[in-house]
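Chemist:
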Amino acid sequence: MPKQLTPKQIEVLKEDLMSELLRLERSMDATEQASEVVELDQTAVGRLSRMNSLQNQSMAKSLKEREAVKLALLVDALKRIEQGTYGLCLKCGGPVSFGRLSVFPESRECARCAF
Ligand SMILES: [Zn+2]
965 MPKQLTPKQI
975 EVLKEDLMSE
985 LLRLERSMDA
995 TEQASEVVEL
1005 DQTAVGRLSR
1015 MNSLQNQSMA
1025 KSLKEREAVK
1035 LALLVDALKR
1045 IEQGTYGLCL
1055 KCGGPVSFGR
1065 LSVFPESREC
1075 ARCAF
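Going by our numbering, 988 is the number at position 24 of the sequence shown; the sequence numbering is gapless.
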């Protein structure tokens, strides 16, 4: 059973979450711009360029979806830090190891429950 997080460890992970959040917000802006460019492309003539822009559009769309999921997880993790429930597995209630959280600070489940 992993040990519960110390306040110092939570502080470190919070920093990670915050910088990850900033990075993600910048990346989402870029994705937003990319999908706007794709929309302009739709006026392009020719089947090939239309197919390309459709493909780009669906890539931008799925990237946007993945980013939105990640954003929700990061925001949720920060909320749980505020509430004092961060680092506890949502399924079994046991502590999530610091090692796991330093790789995935947004983890909501311990290594055992995640699989
Ligand atoms: Zn668990």
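Where is the CB? At the ideal position from N, CA and C, for every residue including glycine.
If contact is defined by three or more beta carbon pairs under 8 Å, each pair taking one atom from either stretch, is the segment 992 to 1000 in contact with the segment 1012 to 1031?
Modeler: These segments touch.
Chemist: With distances taken from CA atoms, which of 1077, 1076, 1068 is nearest residue 985?
Modeler: Answer by Cα proximity: 1068.
Chemist: Measure how close the beta-carbons of residue 1051 and residue 1065 come, nearest whole angstrom, since I'm counting them as under 8 Å.
Modeler: Contact flag correct, Cβ pair sits at about 7 Å.
Chemist: Is residue 1057 near ligand 1, with its Cβ less than 8 Å from a heavy atom?
Modeler: Indeed, a heavy atom of ligand 1 lies less than 8 Å from the Cβ.
Chemist: Taking all protein chains shown into account, do 16 or more other C-beta atoms lie within 10 angstroms of the C-beta of residue 1056, making it buried, or fewer, making it exposed?
Modeler: By the neighbour-count rule (16 or more Cβ atoms within 10 Å), residue 1056 is not buried but exposed.
Chemist: Going by beta carbon distance, what residues of the same chain come within less than 7 Å of residue 1041, once the five residues before and after it are set aside?
Modeler: The residues are 981, 1050, 1069, 1070.
Chemist: What separation, rounded to the nearest whole angstrom, lies between the Cα atoms of residue 972 and residue 1060?
Modeler: Computed Cα separation, rounded: 15 Å.
Chemist: Buried or exposed, going by whether 16 or more other CB atoms sit within 10 Å of the CB of residue 1018?
Modeler: Residue 1018 is exposed by the Cβ-count criterion.
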